[in-house]
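Down below is the structure, laid out as structure tokens.
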Amino acid sequence: MLQKPDAGDQAVATPMRVVALDRARTLITLLVVLHHAVINYTWFGHGDRMRWLGFDLVVLFNDSFFMACMFFVSGLFVRDSLACRRSADFLRRRAWRLGVPFLVSIFVIMPIAYYPSFMRYIPQATDFNFLQFLWHTLRIGPWPSGSAWFLWVLLALNAIAALLWAAAPRAIEALGQFIYALRDRPMTAFAAFLVFTIVIYLPMRLIFGDSSWLVPGHYPLPIQTSRILLYAGYFLAGVGAGEAGLRAGVLAGNGALAKRWMVWLGFAIVSYGAILLMVYTHHSGLIDFNSPPLWWHTVYGLAFATFSTAMTFTVPAVFLRFERSSFWLLDAMRPQAYGIYLLHFIPLIWLQYAVYDPAFPAFVKFAIVFTGTLSISWALTALLRKIPAVARMI
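Note that the numbering used here has the sequence shown beginning at 6, numbered continuously upward.
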């Protein structure tokens, strides 16, 4: 990776891994598995008849930050990859790492995963075998992408970054210099990133709402409409932070941002409390449940933007500040994290199907689904990575 020791030096090639950022990526993968394991047992999800309100709080917490944060972390490594190879080679490698897994996901993994749901909820399809179900999915739909939607969006953003690098490399350099200048002014950096988040998220939320998804026909290329600019903006911010340097810029392990991890966590707690207050207001009867007023959408959007900003500072800051500490689960997961992300929908939905009829408490069902999903997808990834071509991909 290319690191920038100080503002006056030129970038030098220094092959290394930033353990703290690997852990941040792995944590979000774990939260993705947790998110999907609990959502079937929420009142919001309308899935299993056994539900617990606490799981709704978990889903609300995750959904308010984790994918935007994942785009930010993914963008951190783009600049160094572009600097090490030409844009065409960069895109070829990204197509192998993102495009091929996406195609495998939508044509193989997701059909296998969703087959039991199709058989349960489509009564007239009880005589469909798997191949008939697959043909029905590809030709008529619905054709779900599951968590693989992240891959096609990330690949598109990587392509935009490569085009920008080729056409206007000074633009990325200027963004990196701006971010680097804030390395010793963490509160200014936080305020700037918060304003940036509000600008790219709040207008889209007010226009489209937060439940609208943009889906071209029945093809598996969805993206949440109100978050298109949020995800693109966070990815671009990650590219800029990577240009500023992963060891000497704002993400320095002994830097001001990492040292103030408790401040960012405090902002996150307060803003999440504001989100909960808005949810309570929505369900309390104080406002029209079906058509909340503009002020409610605005306040909720501002709380969401603050929470997303705070957590995107908190997650890397905590792992940077405690980089020498042991995070045994995350460290053990790190080599398999990408594969777990790709494969977890198969054991997830089949396990949800297996425990659907028994009258187990919601937490028992969740525990079976979560531990089983994580264990099976982890073991399957470890086995697949014994194949050299697969290991280079995931």
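The C-beta atom is built at its ideal place from N, Cα and C for all residues, glycine as well.
Residues bridged to residue i (per DSSP)
i: W218; result: Q229
Inter-residue Cα distance where the pair is residue i and residue j
i: A359; j: A179; result: 54 Å
i: D94; j: V83; result: 13 Å
i: P3; j: F183; result: Since the first residue shown for the chain is 6 and the last is 399, residue 3 is missing from the structure and cannot be characterised.
i: M398; j: L159; result: 15 Å
i: W140; j: R97; result: 30 Å
i: L388; j: V63; result: 31 Å
i: D215; j: S110; result: 26 Å
i: A337; j: I292; result: 47 Å
i: K9; j: R326; result: Bear in mind that the predicted position of K9 carries a pLDDT of just 43, short of 50, making it too unreliable to give a figure here.
i: L211; j: L136; result: 42 Å
i: L307; j: A315; result: 12 Å
i: P340; j: L36; result: 16 Å
i: L334; j: V43; result: 20 Å
i: I177; j: S313; result: 23 Å
i: V113; j: A394; result: 18 Å
i: R390; j: L143; result: 28 Å
For residue i, three-class secondary structure by DSSP
i: V275; result: helix
i: L81; result: coil
i: P340; result: helix
i: F375; result: helix
i: H141; result: helix
i: Y224; result: coil
i: M55; result: coil
i: A387; result: helix
i: E248; result: helix
i: S331; result: coil
i: L187; result: coil
i: D400; result: Since the first residue of the chain shown is 6 and the last is 399, residue 400 is not available in this structure.
i: D362; result: coil
i: P321; result: helix
i: L256; result: coil
Rounded distance between the beta-carbons of residue j and residue i, thought under 8 Å
i: P321; j: L256; result: 6 Å
i: R28; j: F240; result: Their Cβ separation, rounded to whole angstroms, is 20 Å, which puts R28 and F240 out of contact at 8 Å.
i: H474; j: H40; result: There is simply no residue 474 to check, as the chain begins at 6 and stops at 399 in what is shown.
i: S150; j: P225; result: 4 Å
i: A171; j: S92; result: 5 Å
i: W383; j: I345; result: 6 Å
Within-8 Å CB hit, residue i to chain C
i: A164; result: Looking for chain C here will not work: only one protein chain is present.
### Message
Measuring CB atoms only, is the region 33-53 touching the region 358-372, in the sense that at least three cross pairs come out at less than 8 Å?
### Response
yes
### Task
Specify whether the region 235-254 and the region 71-86 touch according to this definition: at least 3 beta carbon pairs, one from each stretch, less than 8 Å apart.
yes
### Query
Taking contact to mean at least 3 C-beta pairs separated by less than 8 Å, is the region 276-285 in contact with the region 65-85?
yes
### Task
Answer yes if the region 220-234 comes into contact with the region 285-296, meaning at least three C-beta pairs across the two stretches below 8 Å, and no otherwise.
no
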